[in-house]
Every structure is written in C-alpha cells, then in structure tokens.
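J.: Take this structure first; my questions come after.
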Amino acid sequence: MPDFLQTMADRVHSSRKESEAGLLQKPCGAIDLPPTSWAALMRGLLGRCPRCREARLFARFLKPVARCARCDQDWTHQQADDFPAYVSIFVTGHVMAPIVIGLTGIDGLSTLALVSIILPLTLILTVGLIQPAKGAIIALQWWFGMHGFKQERPDSIVDEGDP
Ligand SMILES: [Zn+2]
C-alpha cells in the first residue's frame, strides 16, 4: 500500500509491530544494567528486575520470580531471609515514634482513639514497606555478587560507594 493511502491507525499499528519485533530481537548484550548500586537498589525497591528494569521481580507478594522474564537472570540465589522484616520494622518504628509522641500529647484523646489510629498506621507501614525492602535487599545482593549471583557491572563506570 502506498504511504499516502495509509491511515493514521495503520501507521500506529505498523510502528507498534516494529517496536515489538525490535524488543523481541534485542540481543542479550542490550540489557540496561544499572550504572550504580543506588540505581540497582531503586529498581529492586520499585519491584522491578534490578538487572534489566523491564520485568517484575516478584511473582507474589514476597516471592521473587525464579527467573526474570526479560533477561533470564536467576533470582533463586537471593537470601534476603528475615532482613526485609527487620528493615520494615526499623523504618516503621522511626516513622511512628514522633507520631505516637505527638498523639499522646493531645489532651482529650482517649486510649481507644489512640489505639485505633496507631495500630492501623503501624500495620499499613510495616506491610507496605516489606516488599520494597526485600526488592532492595535482593538488588544489593545481586549487585555485590553475593550468594552465587554473578557480579555484573558496566565496565566503564566506577561506583564510588563500592569497596
Ligand atoms: Zn531482568
């Protein structure tokens, strides 16, 4: 079909097909490795694959995928264990402490009202932080080549935070 007869929808459809084909044919070397440990950590924090950023890191709430759907990274080496829970509790404690102190200073607030504010907030924070914490910890384990992960970094970039 000549170009001038193509509708806008046809052009969008054909360009989408081309970009999908390009994505599928992308060689393994084209994986967008994070330049720094901080970038890898942020990818894990957001629940994305720390290695390629394009696929999800978690299959379920706290269960990482066995292999990345995009870059085929094996995530079974991760050993976050209880550390995400410690991080989540630590951060929640530091966020909640000033809130609790502030609330207890308010006159006329009953114990029931205090508990009904503090308990749900604490639960939401603790549960909400545990998956990002686990993603970040897995990302750092991968970045530092711990527990059988292959240490991969862009050669030309030196991360100042690394030993
Ligand atoms: Zn990946």
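All the letters of the sequence shown, read from the start, carry residue numbers 3 to 165 under this note's numbering.
Yeah, the Cβ is synthetic: ideal placement off N, Cα and C, and Gly gets one too.
Remember, predicted model here, so these are calculated numbers, not experimental data.
1. Using 10 angstroms around the beta-carbon of residue 122, count the other beta-carbons present and answer buried if the total reaches 16, otherwise exposed.
2. Alpha helix (DSSP H) containing residue 92: first to last residue?
3. Which same chain residues end up closer than 7 Å to residue 61 when comparing Cβ atoms and leaving out the 5 residues on each side of it in sequence?
4. Please confirm whether any heavy atom of ligand 1 lies closer than 7 Å to the CB of residue 75.
5. Could you check if residue 94 is buried or exposed, using at least 16 other CB atoms within 10 Å of its CB as the buried criterion?
6. I'd like to confirm something about residue 57: is its beta-carbon nearer than 7 Å to some heavy atom of ligand 1, or not?
7. Shortest alpha-carbon distance to residue 65 belongs to which of 33, 36, 83 and 108?
T.: From the atom records:
1. In the sequence shown, the residue the question calls residue 122 occupies position 120. Exposed, by the Cβ-count rule.
2. In the sequence shown, counting from the first residue as 1, residue 92 sits at position 90. 85-106 is the span of the alpha helix (DSSP H), which, as asked, contains residue 92.
3. The residue you call residue 61 lines up with position 59 of the sequence shown. Leaving aside the five residues that flank residue 61 on each side, the residues in its chain whose CB is nearer than 7 Å to its CB run, in chain order, 67.
4. As a working mapping, residue 75 is identified with position 73 in the sequence shown. At least one heavy atom of ligand 1 is nearer than 7 Å to the Cβ of residue 75, so yes.
5. Along the sequence shown, read from residue 1 onward, the residue named residue 94 stands at position 92. It counts as buried.
6. Your numbering for residue 57 matches position 55 in the sequence shown. Yes, the Cβ of residue 57 comes within 7 Å of a heavy atom of ligand 1.
7. Start at 1 with the first residue of the sequence shown, and residue 65 comes out as number 63. The residue from 33, 36, 83 and 108 with its alpha-carbon nearest to that of residue 65 is 83.
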